[in-house]
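Chemist: One structure, as structure tokens, below. Some questions next.
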Amino acid sequence: MTNNSVILTARGLVRDYQQGSDEGALAVIRGVDLDILRGEKLAIVGVSGSGKTTLLNLLGGIDDPSAGSVTVCGKNWQHLNPGERAAWRNRHLGFVYQFHHLLGEFSAVENVAMPCLIGGQSKAEATDQASELLSRVGLGSRLHHRPAELSGGERQRVAIARALARKPSLVLMDEPTGNLDPKTAESVLDLLEDLNREFAISFAIVTHDLQIAQRQDRVVTLADGRLESQS
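Those letters in the sequence shown? Residues 0 to 230, by numbering that gives the first Met the number 0.
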């Protein structure tokens, strides 16, 4: 394994939450080590409350660990100030959640163009790129529809296109098909596999669905805040 093949490295991750002055700290993540490779599709599985979303937020630099470190594409989140962290995240990471988190007042193409505009691209360039991505995910005829005018599967496809807008190294996904019917979920997973093959983007998918997990290259299981098994 070469350094160039590792997109993300987590070492000794701990995340505690203070419960109250008399109750002490609740340890949610208890010493996690993890490498994510370029082009890898990784599933993070575990029961509800096992700390999967907390771990994803630590990996993405959205939350800070109580101890340990996360390095993404050569930079440690803890060594970056908020502005530097936001810029690095915008350049190298995409995020997809169970609920799409699209901006309701903007059209599909405007939602997808947003990360590009934040990254400094011109409006024309960002719009062209967003339009191309939406066409790639089967929504070329829905560019100017707002989220309320789209189905659940279409909204999730817009969210995926938005996550890919900056051609990130890694996309972090939190139950991305959890709010979809089985047929739509299957089509979204097929789409992710196509995009992974074409662009060599890494995916880390938090899921409680073992069928989804089995479609990935590797599975890690989070139990009681620790990674207990890998395959």
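Here a beta-carbon is modelled for each residue, glycine too, at the ideal position from N, C-alpha and C.
Between the alpha carbons of A107 and P114, how many angstroms are there, rounded?
Modeler: On the sequence shown, position 108 is the one that residue 107 refers to. On the sequence shown, position 115 is the one that residue 114 refers to. Between A107 and P114, the C-alpha separation is close to 13 Å.
Chemist: Could you give the uninterrupted runs of the beta strand (DSSP E) lying entirely in the stretch 124 to 202, keeping only those of 3 residues or more?
Modeler: 169 to 173
Chemist: With DSSP as the reference, please indicate the residues paired to A222 in a beta bridge.
Modeler: Counted from its first residue, the sequence shown places residue 222 at position 223. R225.
Chemist: Pull the bridge partners of D15 from the DSSP assignment, please.
Modeler: Here residue 15 is taken as the residue at index 16 of the sequence shown, counted from 1. D15 is bridged to A26.
Chemist: For D32, which residues of its own chain have a beta-carbon under 8 Å away from its beta-carbon, when the five flanking residues on both sides are left out?
Modeler: What you label residue 32 is simply residue 33 of the sequence shown in a count that begins at 1. These residues qualify, in order along the chain: A9, R10, G11, L12, L226.
Chemist: Return the CA-CA distance between D193 and Q17, expressed in angstroms with no decimal places.
Modeler: Walking along the sequence shown from the start, residue 193 turns up at place 194. Walking along the sequence shown from the start, residue 17 turns up at place 18. Roughly 42 Å between the two C-alpha positions.
Chemist: Distance check for D189 and R135, CA to CA, integer angstroms please.
Modeler: The residue you call residue 135 lines up with position 136 of the sequence shown. The residue you call residue 189 lines up with position 190 of the sequence shown. Cα-Cα distance, rounded: 13 Å.
Chemist: Let's test the definition: count the other Cβ atoms within 10 Å of the Cβ of N2 and tell me whether it reaches 16, buried, or not, exposed.
Modeler: Translated into the one-based positions of the sequence shown, residue 2 becomes position 3. Note that N2 scores 47 on pLDDT, short of 50, meaning its location in the model is unreliable and no value can be drawn from it.
Chemist: Let me check you understand the geometry: is the CB of K166 closer than 7 Å to at least one non-hydrogen atom of the ligand MN?
Modeler: The ligand MN is not part of the structure shown, which contains no ligands of any sort.
Chemist: Does DSSP classify R217 as helix, strand or coil?
Modeler: On the sequence shown, position 218 is the one that residue 217 refers to. Correct three-state label for R217: strand.
Chemist: Taking the alpha helix (DSSP H) that L116 falls in, what are its first and last residues?
Modeler: Within the sequence shown, residue 116 is the residue found at index 117, counting from 1. It spans 107 to 117 - the alpha helix (DSSP H) in which L116 sits, taken as one unbroken run.
Chemist: May I ask you to report which of helix, strand or coil DSSP gives S4?
Modeler: By 1-based counting over the sequence shown, the position of residue 4 is 5. The DSSP-derived three-state label of S4 is helix.
Chemist: Hey, L149 and L142 are a contact pair by Cβ (cut 8 Å); roughly how many whole angstroms apart?
Modeler: Within the sequence shown, the letter at position 150 stands for residue 149. Within the sequence shown, the letter at position 143 stands for residue 142. No, L149 and L142 are not in contact; Cβ-Cβ is about 11 Å, not under 8 Å.
Chemist: Locate the beta strand (DSSP E) running through L92, then write down its first and last residues.
Modeler: Residue mapping note: residue 92 aligns to position 93 of the sequence shown, counting from 1. L92 -> beta strand (DSSP E) spans 92 to 96.
Chemist: What does the Cβ neighbour count give for Q213, buried or exposed, with the cut at 16 atoms within 10 Å?
Modeler: If you number the sequence shown from 1, residue 213 lands on position 214. With fewer than 16 Cβ atoms within 10 Å of its Cβ, Q213 is classed as exposed.
Chemist: In chain order, what residues of the same chain lie with their CB nearer than 7 Å to the CB of L138, ignoring the 5 residues before and after it?
Modeler: Reading the sequence shown from its first residue, position 139 is the one you call residue 138. Same-chain partners within the cutoff: A107, E153, R156, V157.
Chemist: Between A275 and T52, what straight-line distance do the alpha-carbon atoms span, to the nearest angstrom?
Modeler: Residue 275 cannot be examined here, being either before or after the span of the chain that is shown, 0 to 230.
Chemist: The beta strand (DSSP E) spanning I43 covers which residue range?
Modeler: Working through the sequence shown from its first residue, we reach residue 43 at position 44. It spans 40 to 44 - the beta strand (DSSP E) in which I43 sits, taken as one unbroken run.
Chemist: To the nearest angstrom, how far is the alpha carbon of V187 from that of I159?
Modeler: As a working mapping, residue 187 is identified with position 188 in the sequence shown. As a working mapping, residue 159 is identified with position 160 in the sequence shown. Rounded to the nearest angstrom, the two C-alpha atoms are 9 Å apart.
Chemist: Rounding to the nearest angstrom, what Cα-Cα distance links S121 and N110 in this structure?
Modeler: If you number the sequence shown from 1, residue 121 lands on position 122. If you number the sequence shown from 1, residue 110 lands on position 111. Looking at the backbone, the Cα of S121 and that of N110 are separated by about 15 Å.
Chemist: Name the DSSP bridge partner or partners of I204?
Modeler: The residue given as residue 204 occupies position 205 in the sequence shown. DSSP lists A42, M172 as partners of I204.
Chemist: Along the chain, where does the beta strand (DSSP E) containing G67 start, and where does it finish?
Modeler: Counting from one through the sequence shown, the residue named residue 67 turns up at place 68. Its beta strand (DSSP E) spans residues 66 to 71.
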